[in-house]
Amino acid sequence: MTDPTTLAEKIIARAAGRARVEPGEIVTARVDLAMMHDSGGPRRVAPILKRLGAPIWDPSRVALVIDHYLPADNPESIGIVELARAYGKAEGLANVFDGEGICHVVVPSRGLLKPGMFAVGGDSHSPTGGAWGAFMFGVGATEMAGVLATGEIWVEVPETIRIELTGRLSPGVSAKDVMLMLCARLGMGGGRFQAVEYGGSAVTALSQQERMTLSNMTAELGGQTGLVVPDATTAAALAAAGADPGDWTRWTSDPGAKLLEHHVFDAAALAPQVAAPHSPANSRPVTETEGTRIDTAYVGACTGAKLVDMRMAAEILKGRRVASGTRLLLAPASKQDQAAAEAEGTLGVLLAAGAEMLPNACGICAGYGSARFAEGEVAISTTARNFRGRMGADSSEVHLASPYTVAASAVTGRITDPRPFLEGTRP
Amino acid sequence: MSGRAWVLGDDVDTDALAPGRYMRLPIGELARHCLEGIAPDFAGAVRPGDVVVGGENFGIGSSREQAAEALRHLGVVAVVARSFAGIFRRNAINLGLPTLVCADAGLIRAGERIEVDLEGGRLVLPDRAAVVAFRPLPAVLLELLADGGLVPHLEKRFAARAKEYAPR
Numbered sequence: 000m001t002d003p004t005t006l007a008e009k010i011i012a013r014a015a016g017r018a019r020v021e022p023g024e025i026v027t028a029r030v031d032l033a034m035m036h037d038s039g040g041p042r043r044v045a046p047i048l049k050r051l052g053a054p055i056w057d058p059s060r061v062a063l064v065i066d067h068y069l070p071a072d073n074p075e076s077i078g079i080v081e082l083a084r085a086y087g088k089a090e091g092l093a094n095v096f097d098g099e100g101i102c103h104v105v106v107p108s109r110g111l112l113k114p115g116m117f118a119v120g121g122d123s124h125s126p127t128g129g130a131w132g133a134f135m136f137g138v139g140a141t142e143m144a145g146v147l148a149t150g151e152i153w154v155e156v157p158e159t160i161r162i163e164l165t166g167r168l169s170p171g172v173s174a175k176d177v178m179l180m181l182c183a184r185l186g187m188g189g190g191r192f193q194a195v196e197y198g199g200s201a202v203t204a205l206s207q208q209e210r211m212t213l214s215n216m217t218a219e220l221g222g223q224t225g226l227v228v229p230d231a232t233t234a235a236a237l238a239a240a241g242a243d244p245g246d247w248t249r250w251t252s253d254p255g256a257k258l259l260e261h262h263v264f265d266a267a268a269l270a271p272q273v274a275a276p277h278s279p280a281n282s283r284p285v286t287e288t289e290g291t292r293i294d295t296a297y298v299g300a301c302t303g304a305k306l307v308d309m310r311m312a313a314e315i316l317k318g319r320r321v322a323s324g325t326r327l328l329l330a331p332a333s334k335q336d337q338a339a340a341e342a343e344g345t346l347g348v349l350l351a352a353g354a355e356m357l358p359n360a361c362g363i364c365a366g367y368g369s370a371r372f373a374e375g376e377v378a379i380s381t382t383a384r385n386f387r388g389r390m391g392a393d394s395s396e397v398h399l400a401s402p403y404t405v406a407a408s409a410v411t412g413r414i415t416d417p418r419p420f421l422e423g424t425r426p
Numbered sequence: 000m001s002g003r004a005w006v007l008g009d010d011v012d013t014d015a016l017a018p019g020r021y022m023r024l025p026i027g028e029l030a031r032h033c034l035e036g037i038a039p040d041f042a043g044a045v046r047p048g049d050v051v052v053g054g055e056n057f058g059i060g061s062s063r064e065q066a067a068e069a070l071r072h073l074g075v076v077a078v079v080a081r082s083f084a085g086i087f088r089r090n091a092i093n094l095g096l097p098t099l100v101c102a103d104a105g106l107i108r109a110g111e112r113i114e115v116d117l118e119g120g121r122l123v124l125p126d127r128a129a130v131v132a133f134r135p136l137p138a139v140l141l142e143l144l145a146d147g148g149l150v151p152h153l154e155k156r157f158a159a160r161a162k163e164y165a166p167r
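Protein chains in written order, with numbering that gives the first Met the number 0: chain A, 0 to 426; chain B, 0 to 167.
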């Protein structure tokens with residue numbers, strides 16, 4: 000009987016061609032999938048690869064997603080996007096997604112991420128892949144170029160921090176609220192660039208896309224990756240994405256595996272959270288910040304505009320209108336999610352409530368586009384981070400919350416607890 | 000070579016180092032806005048050889064490499080902090096900018112002279128004849144830094160193969 004090991008250790012050991020690895024060890028691992036986008040991708044990796052004289056090690060293992068500089072409505076953006084398109088063609092990349100939506104949502108929706116994979120992404124929210132049982136983490140462009148040239152990367156084997164959520168989340172409370180609470184409780188460095196693993200009955204009960212929100216905001220928690228051990232929900236989502244789940248049951252953490260930290264939270268006790276400007280760590284229960292006037296409510300980004308996020312917003316907005324003098328902006332995270340929302344009527348509810356549509360791209364969340372927040376603008380947003388100036392002017396103020404809370408705030412023009420709307424105690 | 004210490008606080012984020020709205024600009028122009036939100040005089044007054052000193056969690060935020068590249072472009076020779084965000088730490092080392100984990104970073108005073116002894120694992124503060132230790136870097140990273148970062152390091156590795164694959 001070998002010592003129990005964590006999921007992160009199992010994946011890295013497999014990718015490093017080792018029987019087992021120990022936390023703190025630096026090993027060289029083979030990369031199963033490298034994902035990059037137009038901002039940190041071709042325009043920055045191509046010159047490095049040229050300088051090295053190296054071809055891409057395996058174009059079938061590279062995904063290129065054009066999601067940052069869209070819509071390309073100025074000369075710089077046009078140049079960046081055209082360079083990315085040309086690069087994808089010239090290099091014969093197997094997976095190029097142009098205007099399909101945000102990489103963290105698009106890539107797994109095409110069945111490209113599977114349990115047990117060791118993957119890198121040229122974007123800080125790459126831990127999102129952990130929701131699929133893959134060890135996925137963010138790297139910069141130089142490091143991405145190294146991966147593209149060699150198919151390898153050095154990695155320090157992380158310890159595992161287990162976050163256990165017992166019970167069930169209450170109505171009107173979502174994965175986003177869990178992550179905002181964790182950012183406040185553990186701090187933005189709380190993840191310590193280790194593997195964060197989410198489990199417990201409240202996580203098991205979450206949909207695949209809600210799990211992606213947990214993994215996604217592991218970036219704000221400072222973790223290297225955010226894992227959810229694959230289960231029947233993962234397998235069903237993989238099948239829906241057209242992927243063969245393979246033997247996913249082996250990708251699990253053994254009982255008794257050594258953990259760096261083990262935090263247990265009662266999911267049922269969690270209230271909707273709002274992070275005040277300018278940090279996700281400034282999160283408090285919505286009841287403490289209710290009433291703050293807002294100009295804009297934003298449902299967008301990989302963190303907060305997937306199909307499940309739009310459904311949450313629609314639950315609140317059904318039969319209601321956005322407050323006069325307040326605008327609700329909606330940028331669905333992918334074309335596929337938008338089409339599904341349209342087909343089932345969710346999108347119609349949002350538009351009837353007065354939502355203005357923006358392209359399926361990173362948009363305001365990444366500081367791009369004409370809808371960026373103006374001087375002094377106060378916003379509440381489903382996105383992941385509210386650092387000063389990230390989403391617009393330095394003097395703009397961004398609060399972070401779940402799609403429920405953002406939608407409820409859009410209805411009143413003030414930061415608002417969504418629960419009374421759902422309970423029917425508020426018209 | 001000694002430089003001056005630029006002492007910043009905790010949680011210096013990548014939007015402070017490389018603001019998103021300037022990301023489309025070449026690094027030379029982007030660097031002029033480095034830290035403008037929290038240290039407006041930094042980009043104009045920093046000199047080659049200077050050292051940036053942070054608290055906890057330096058470099059939290061996005062994976063944008065320009066955050067580290069802007070510092071290097073301005074001549075910063077090392078970043079010292081009590082702790083770093085993981086991606087920033089990897090990016091900086093890969094660009095040849097050492098990130099030094101130092102429990103006593105808080106002892107370094109703003110504006111004092113500072114020298115980095117990378118191999119020795121210590122920071123020398125000549126104004127007061129003091130020395131502060133940092134966590135030594137493993138040999139593999141020292142070699143990478145000595146080569147000037149990941150790209151020159153890989154160039155060595157690909158030197159032979161470069162003849163085989165002519166640049167396209």
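Ideal Cβ positions, reconstructed from N, Cα and C, are used throughout, including at glycine. The model shown is predicted, which means the values in this text are computed figures rather than measured ones.
Is there a C-beta anywhere in chain A that falls below 8 Å from the one on B:I59? yes
Run down chain A in chain order and give the residues with a C-beta less than 9 Å from the C-beta of B:V150. I47, R50, L51, T141, A144 and G145
Classify A:N73 as buried or exposed, calling it buried when 16 or more other Cβ atoms lie within 10 Å of its own Cβ. exposed
Given A:V348, which residues of its chain have a CB within under 8 Å of its CB, disregarding the five upstream and five downstream residues? A313, L316 and K317
Are any of the Cβ atoms in chain B nearer than 8 Å to that of A:Q337? no
For B:R167, the three-state DSSP class (helix, strand or coil): Note on B:R167: pLDDT 42, under 50, position unreliable in the model; the coordinate value appears next. Of the three classes helix, strand and coil, the one that applies to B:R167 here is coil, per DSSP.
Within-8 Å CB hit, B:R121 to chain A: no
With H, G and I counted as helix, E and B as strand and the rest as coil, what does DSSP make of A:L164? strand
Cβ pair A:S395, A:A378 closer than 8 Å: yes
Option in A:M311, A:F134 and A:V410 with minimal Cα separation from A:G353: A:V410
Nearest-angstrom Cα separation, counted from A:R425 out to A:G137: 42 Å
Which value, in whole angstroms, describes the spacing of the CA atoms of B:R167 and A:G91? Its pLDDT being 42, under 50, B:R167 is placed unreliably by the model, and the measurement read from it follows with that caveat. Straight-line Cα distance between these residues: approximately 14 Å.
With DSSP collapsed to three states, give me the class of A:V64. strand
When the cut-off is 8 Å and only beta carbons count, does B:E142 lie next to chain A? no
Can A:R283 and A:V298 be called in contact, C-beta distance under 8 Å? no
With DSSP run on the structure shown, which of helix, strand or coil describes A:V154? strand
Considering A:M35, what are the terminal residues of the beta strand (DSSP E) in which it resides? L32 to H36
Nearest CA to the CA of A:M35: which residue from A:D243, A:S108 and A:A144? A:A144
Give every residue of the same chain whose Cβ lies closer than 6 Å to the Cβ of B:D12, excluding the five residues on either side of it in the sequence, and list them in chain order. I59 and G60
Give a yes or no on whether the minimum CB-CB distance between A:A365 and chain B is below 8 Å. yes
From B:I26, B:R20, B:N90 and B:L106, pick the residue whose C-alpha is nearest to that of B:W5; which is it? B:L106
Please confirm whether A:Y403 and A:P271 have their CB atoms less than 8 Å apart. yes
Assigned secondary structure, B:N93 (DSSP; H/G/I helix, E/B strand, else coil): helix
For chain A, find out if any of its Cβ atoms is closer than 8 Å to the Cβ of B:V139; answer yes or no. yes
Ends of the beta strand (DSSP E) at A:T295? T295 to G299
Just to confirm before moving on: does the CB-CB distance between B:L7 and B:A38 stay below 8 Å? yes
Measuring alpha carbon to alpha carbon, tell me which of A:A28, A:V119, A:Q208 and A:G225 ends up nearest A:E495. The structure shown does not extend to residue 495 of chain A, since chain A is modelled only from 0 through 426, so no value can be given for it.
Chain A residues whose Cβ lies nearer than 7 Å to that of B:G36: R387, G388 and D393
Scan the stretch 153-230 of chain A and note each continuous alpha helix (DSSP H) run of 4 residues or more that stays entirely inside, going in chain order. 174-185, 200-203 and 207-215
A:A140 beta carbon less than 8 Å from that of A:M116: no
Run through DSSP, which three-state label would A:V273 get? strand
At a CB distance below 9 Å, what residues from the stretch 81-92 of chain A approach chain B? Give them in sequence order. A89
Hey, would you say B:R112 sits closer than 8 Å to B:D126, going by beta carbons? yes
What does A:I315 touch in chain B if you count any residue whose Cβ is under 7 Å from its own? Simply none; closest approach about 29 Å.
Mapping DSSP to helix, strand and coil, what is A:H103? helix
Is it true that the CB of A:C361 sits closer than 8 Å to the CB of A:P279? no
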